[in-house]
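Numbering (the working numbering), first residue to last: 40 to 175.
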């Protein structure tokens, strides 16, 4: 039997998204990890950046569970992008810290912290918008 309508289209879209999500998440994470490790020449700083990504993803996951947030199509599209965004700011701060001689972390945060916060505000607002989105 062939059907049509909002429920059938929604179910078909949901099935397509659910079959693609694990592959997209794993592939995007591996590519981001490889780029970070190559950028830092497989040294400790690269692993530190990846640790911040994992920490941030852990916090995000806990918030989703604690706030009982339901994921929809737009959220799933944003998840692979989150890996790249999640390391972007850490790369800037850690890269700066590797270039400093004294008080590495403190100087890096002082010198790049304002720019990182300013750059992250539009991203944060965009994610808050996705959080409130509803699929029809």
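C-beta atoms are modelled at their ideal positions from N, C-alpha and C, and glycine is treated no differently.
Length of the line joining the Cα atoms of residue i and residue j
| i | j | result |
| --- | --- | --- |
| residue 175 | residue 48 | Model confidence at residue 175 stands at a pLDDT of 48, short of 50, so the residue's coordinates are unreliable; what they give is reported in the following sentence. If I take the Cα positions, the gap works out to 10 Å. |
| residue 147 | residue 98 | 23 Å |
| residue 144 | residue 130 | 13 Å |
| residue 154 | residue 45 | 44 Å |
| residue 160 | residue 166 | 10 Å |
| residue 69 | residue 142 | 32 Å |
| residue 121 | residue 149 | 25 Å |
| residue 89 | residue 63 | 18 Å |
| residue 158 | residue 164 | 11 Å |
C-beta contact flag for residue i and residue j at 8 Å
| i | j | result |
| --- | --- | --- |
| residue 105 | residue 169 | no |
| residue 125 | residue 95 | yes |
| residue 85 | residue 93 | no |
| residue 132 | residue 162 | no |
| residue 56 | residue 115 | yes |
Member of the options whose CA lies at the smallest distance from the CA of residue i
| i | options | result |
| --- | --- | --- |
| residue 59 | 107, 103, 78, 119 | 119 |
| residue 53 | 164, 111, 156 | 111 |
| residue 83 | 137, 164, 159 | 137 |
| residue 87 | 134, 141, 69 | 134 |
| residue 71 | 107, 62, 102, 127 | 127 |
Cutoff 8 Å: residue i Cβ touching any chain B Cβ
| i | result |
| --- | --- |
| residue 50 | Looking for chain B here will not work: only one protein chain is present. |
Counting only runs of 3+ residues fully inside the segment 71 to 113, write out the beta strand (DSSP E) ranges in chain order.
-> none
Counting only runs that start and end within the segment 108 to 163, where is the alpha helix (DSSP H) found for 4 or more residues in a row?
-> 112 to 138
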